[in-house]
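Residue numbers (the UniProt record's numbering): 1 to 283.
For every residue, glycine included, the Cβ atom is placed at its ideal position computed from N, Cα and C.
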């Protein structure tokens, strides 16, 4: 049976991720697996036996996972839970976990000093490389815990548009709320003229086509189709200001090791006021 996976590290952002993940598990009916990545256990394998003892690290991991389990169980008692410490670098551990997960949830920042001020290096790397949808549980508490706010999805070109919409339709259906499908438009790159009716009409046609292809499984979901003039990153962050979730598609290849986030996803993951779901799309 597939499951949701959430990464924890003891930070405030990690607890946000646990809260969002267990609520999502309740919505989906899936079990939740809580994962802590231990660098000590990873490197201890290379030490002589006499140097491998570090009870404080094991005690910390046990305490952290025990706290996470208690927090999740109190919030959603009906959700099946498991917790595990995995040896390894946090990014690599979470990427392994993502291979069989329905969704992977991470916090907006971790115990990473300056690199953790906005998204954090672990969350950014996982969002860019994981082979399952990744949710960064960021944003205001009102948006993270909202049950009556819309799901917003950015609709671009290619197969990513349909993949993002299908994921977003499912999330809106679980919440019983509205789906807001947003497509940004502006003048073609390098054009000396201002954007006008032609660009707006093109955006409306392409958005309508994507909605028609993706929405068949959830006819009960109310849809608001919006075409908005402006740069896509700013348009989507603004559209998601009062949303329960922002959904974006990102190209993905199984052999890729570099970051693959475009500017729109990067800006949203750092600045959106709600949780952001990144849906992988095979090349």
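Where does residue 70 land, buried or exposed, given buried means 16+ other C-beta within 10 angstroms? exposed
Going by the beta-carbon positions, is the gap between residue 281 and residue 263 smaller than 8 Å? no
Quick one: measure Cβ to Cβ for residue 26 and residue 79, integer angstroms, because I've assumed they're closer than 8 Å. 5 Å
Counting only the same chain and skipping the five closest in sequence on each side, list residues whose C-beta sits under 6 Å from that of residue 31. 3, 80
Just curious, the alpha helix (DSSP H) that residue 184 is in, first and last residue? Note, residue 184: premise wrong, no alpha helix (DSSP H); beta strand (DSSP E) at 179-185.
Using the DSSP secondary-structure output, state which residues sit across from residue 32 in a beta bridge. 4, 81
Would the region 7-15 count as touching the region 33-40 if we require 3 or more Cβ pairs under 8 Å? yes
Between the region 215-235 and the region 171-181, do three or more beta carbon pairs fall short of 8 Å? yes
Which whole-angstrom value is the C-beta distance of residue 106 and residue 17, which I expect to be below 8 Å? 6 Å
Is it true that the CB of residue 279 sits closer than 8 Å to the CB of residue 244? no
If I follow the unbroken alpha helix (DSSP H) through residue 206, where does it start and stop? 197-214
Three-way DSSP call (helix, strand, coil) for residue 280 in this model: strand
Using DSSP bridges, identify the partner residues of residue 139. Answer is none; residue 139 lacks a bridge partner.
Per DSSP, which one or two residues make a beta bridge with residue 251? 281
Out of 200, 64, 19, which one is the CA nearest neighbour of residue 75? 19
Residue 13 to residue 227 span [Cα, whole Å]: 33 Å
Put residue 64 into one of helix, strand or coil per three-state DSSP. helix
In DSSP terms, what residue 227 is bridged to: 183
What residues in its chain sit with their C-beta under 6 Å from that of residue 90, if we drop five residues either side in the sequence? 37, 122
Taking only the alpha-carbon atoms, compute the straight-line gap between residue 57 and residue 24 and give it to the nearest angstrom. 30 Å
With DSSP run on the structure shown, which of helix, strand or coil describes residue 76? coil
Let's test the definition: count the other Cβ atoms within 10 Å of the Cβ of residue 39 and tell me whether it reaches 16, buried, or not, exposed. exposed
In angstroms, rounded to a whole number, what distance separates the CA positions of residue 109 and residue 156? 28 Å
May I have the straight-line CA-CA distance separating residue 266 from residue 145, to the nearest angstrom? 23 Å
Beta-carbon separation of residue 269 and residue 124 under 8 Å? yes
On the DSSP letters alone, give me the boundaries of the beta strand (DSSP E) that residue 153 sits inside. 151-154
Could you compute how far the alpha carbon of residue 135 sits from the alpha carbon of residue 65? 20 Å
What are the residues that DSSP puts in a beta bridge with residue 86? 37
Do you know whose CA, among 93, 154, 222, 275, lies nearest residue 234's CA? 154
Give the secondary structure of residue 246 by DSSP, where H, G and I count as helix, E and B as strand, and everything else as coil. strand
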